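In this note's numbering, the protein residues as written are 11 to 154. Glycine included, every Cβ here is placed at the ideal spot set by N, Cα and C. Quick caveat: nothing in here was measured; it's all calculated off a predicted structure.
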């Protein structure tokens with residue numbers, strides 16, 4: 011696929027993902043309002059614990075969605091400026107496979123890994139304490 015065609019397809023996917031996140035956010039907001047209404051006066055400690063857990067989980071998901079939404083907006087701006095698809099780490103073209111898998115990415119796979127390790131977003135396989143920092147490694151999006 012030619013780069014220009016690829017960028018148009020990525021722009022379409024970015025806009026779709028943006029809309030999906032906004033819809034999800036509105037649904038989460040509605041859910042939080044229902045939870046608050048249902049548990050105005052929790053009947054016991056278990057109800058209070060469930061309410062707190064659900065609100066914290068929705069908040070974490072919203073933080074992750076907001077991060078991706080900012081990255082999508084940044085990528086859309088880069089498309090307009092003509093700088094989309096260029097790695098912010100090494101300046102090389104980001105491979106088509108990576109852009110198709112993560113259209114809001116700023117880095118090639120190698121630079122993304124280095125960035126994550128350098129700035130502390132790299133997560134050792136010690137558990138899932140912070141769900142917003144989960145990193146998935148997939149063989150189908152590597153640059154080999």
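Here's the rule: buried if 16 or more other CB atoms are within 10 angstroms of the residue's CB, otherwise exposed. What is residue i?
i, result
"residue 13", "exposed"
"residue 44", "exposed"
"residue 32", "exposed"
"residue 102", "exposed"
"residue 100", "exposed"
"residue 129", "exposed"
"residue 95", "buried"
"residue 24", "buried"
Can you give me the start and stop residues for the alpha helix (DSSP H) that residue i sits inside?
i, result
"residue 108", "106 to 111"
"residue 128", "119 to 128"
Going by CA-CA distance only, name the one from the options that's closest to residue i.
i, options, result
"residue 16", "77, 128 and 105", "105"
"residue 97", "35, 125 and 74", "125"
"residue 34", "76, 24 and 11", "76"
"residue 40", "72, 24, 87 and 91", "72"
Spell out a yes or no on whether the stretch 103 to 117 and the stretch 72 to 91 are touching, meaning 3 or more CB-CB pairs, one atom from each, closer than 8 Å.
Yes, since at least three Cβ pairs between the stretch 103 to 117 and the stretch 72 to 91 fall closer than 8 Å, the two stretches touch.
Stretch pair the stretch 14 to 26 + the stretch 98 to 111: three plus CB contacts closer than 8 Å
Yes, they touch.
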